[in-house]
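See structure below.
Numbering (my numbering), first residue to last: 175 to 588.
Printed below as a string of structure tokens:
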């Protein structure tokens with residue numbers, strides 16, 4: 175009905191226009207009224223804004239939740255996996271993990287700062303406290319204790335910490351348990367030198383790992399052995415327990431060359447001849463090993479029995495003076511008071527050792543045995559040539575210098 179009324183031609187144009195204007199206004203009025211019923215346009219916007227604020231309030235009401243792995247209160251946590259700390263509905267401000275031994279476990283955040291992962295595994299048998307702080311949230315504290323390993327191993331090393339040795343001294347480590355994962359164990363051990371030089375490890379067996387440079391150490395070198403064996407699994411269920419650094423020093427260079435053809439030993443100190451001594455080596459039935467040997471033990475006096483080296487009851491001397499070990503199998507360079515002075519420099523009469531004229535009691539400072547002993551130290555090099563015997567095995571004593579550098583490096587597991 176409204177439409178017929180609007181388009182009635184009998185109405186004057188002004189009236190038609192006026193009514194349209196009125197209807198136009200009337201058409202707006204209901205909208206205005208409807209709007210007015212809901213409050214106003216501003217009120218509608220306010221309502222919409224109020225809904226967003228409510229949603230934001232819901233979101234703001236969510237508090238960050240922090241989760242630690244291993245879980246809080248764990249008594250026998252695994253130590254072969256890293257520690258992780260995660261947060262939901264938030265991001266991290268700080269995470270700190272501290273052991274009861276005073277150590278701190280370092281770690282890194284992911285890009286979103288919602289997860290922290292330790293860069294290394296926790297140590298065994300250690301109680302850890304985790305302190306995590308999320309942005310805008312309360313601090314989270316958790317504790318856990320890692321289990322202790324069932325079986326363990328250690329590495330006994332040569333030379334002793336803080337000692338001074340000759341230029342031939344390798345770093346030799348003997349393990350108390352056979353190592354199957356040689357790479358894991360070797361990676362946990364580093365040997366560094368000052369001045370710097372490449373140092374490489376060589377496995378002689380599953381219980382022995384030696385380190386040396388290509389050539390003898392330089393005189394005055396400082397060497398640092400770093401053992402990071404704690405919780406390194408040498409073989410299934412057997413873990414290392416050492417985490418320590420030790421240092422030792424290299425003294426002057428002394429290299430002695432024994433020529434059993436001329437029966438003479440020339441001692442050189444820092445490249446210059448220090449002394450020349452007449453000697454007696456192994457006889458035709460008991461030749462002396464040839465090759466490069468390193469002094470590994472020193473005794474002012476010691477007992478030597480032939481039965482200990484497989485020679486029955488041929489000798490038993492209770493007070494051999496100035497004995498210095500060259501091989502594990504029983505080769506020494508030592509003083510000899512029971513042979514005639516004329517033997518030295520003229521005959522090879524021993525059972526395999528290198529002998530120098532000496533006096534009973536080891537206190538006569540004028541004899542060759544005393545002088546050589548007095549001038550020597552652990553790690554000094556003794557080279558034997560023209561003995562009639564093959565080259566000593568590299569693992570028979572500290573004698574890895576008999577291997578070429580290529581062969582030495584081939585024995586590394588890393």
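Positions of the beta carbon are idealized from the N, C-alpha and C atoms, including for glycine.
With at least 16 other beta carbons inside 10 angstroms of its own, residue 308 counts as buried.
Counting along the chain, residue 264 sits inside no beta strand (DSSP E), nor does DSSP assign it H or E at all. A contact between stretches requires three or more CB pairs, one per stretch, nearer than 8 Å, and the region 239-252 meets this requirement with the region 304-318.
In the structure shown, the three-state DSSP call for residue 498 is strand. Classified as exposed, residue 330 has fewer than 16 neighbouring CB atoms from the shown chains inside 10 Å of its CB. Between the alpha carbons of residue 252 and residue 320 lies a gap of roughly 6 Å.
Residue 281 and residue 293 have their C-alpha atoms spaced approximately 5 Å apart. Inter-segment contact for the region 324-340 and the region 253-271 is absent: fewer than three beta-carbon pairs are separated by less than 8 Å. Counted as a single uninterrupted DSSP element, the stretch harbouring residue 549 is not any beta strand (DSSP E) but the alpha helix (DSSP H) occupying residues 542-549. In the structure shown, residue 251 adopts extended strand secondary structure according to DSSP, grouped into three states. In the same chain as residue 577, and ignoring 5 residues on each side of it, the C-beta atoms closer than 7 Å to its own belong to 568, in chain order. DSSP places residue 581 inside the alpha helix (DSSP H), whose first and last residues are 579-584. The beta carbons of residue 463 and residue 566 sit closer together than 8 Å.
Separation of the CB atoms of residue 382 and residue 587 is rounded to 13 Å, and the pair is thereby denied contact status at 8 Å. For residue 474, the enclosing beta strand (DSSP E) starts and ends at 471-479.
In this structure residue 393 touches residue 427 by the C-beta definition: roughly 5 Å separates them, less than 8 Å. If you look at residue 361, you'll find it in the alpha helix (DSSP H) that goes 356-361. Between the region 350-367 and the region 434-451 there are fewer than three C-beta pairs closer than 8 Å, too few to call the two in contact.
In this structure, the beta-carbon distance from residue 526 to residue 505 falls below 8 Å. By the beta-carbon neighbour count (other beta carbons within 10 angstroms, threshold 16), residue 437 is buried. One thing to note: residue 342 has its Cβ no nearer than 8 Å to the Cβ of residue 302. Under the three-state reduction of DSSP, residue 576 is assigned to helix.
Contact between residue 422 and residue 336 holds, since their C-beta atoms are separated by about 6 Å, short of 8 Å. A distance of 8 Å or more separates the beta carbons of residue 385 and residue 371. DSSP, read as helix, strand or coil, puts residue 432 in strand. Remark: C-beta atoms of residue 478 and residue 558 do not approach each other more closely than 8 Å.
As summarised for the region 316-379, the continuous alpha helix (DSSP H) elements at least 4 residues long and confined to that stretch are 356-361, given in chain order. According to the DSSP assignment, residue 390 belongs to no beta strand (DSSP E), since it is labelled neither H nor E. The beta carbon of residue 503 lies closer than 6 Å to those of 570 in the same chain, with the five residues before and after it left out. With contacts defined as CB atoms closer than 8 Å, residue 276 and residue 353 fail to qualify as a contacting pair.
Looking from the CA of residue 584, the closest CA among 476, 510, 377 and 470 belongs to 377. In the DSSP assignment, residue 460 falls outside any beta strand (DSSP E), carrying neither H nor E. Note on residue 300: 16 or more other CB atoms within 10 angstroms of its CB, so buried under the neighbour-count rule.
Looking at the backbone, the Cα of residue 344 and that of residue 418 are separated by about 19 Å. Excluding the 5 residues flanking it on each side, residue 443 has same chain C-beta neighbours closer than 8 Å at 426, 427, 428 and 549, in chain order. According to DSSP, residue 424 shares a beta bridge with 339.
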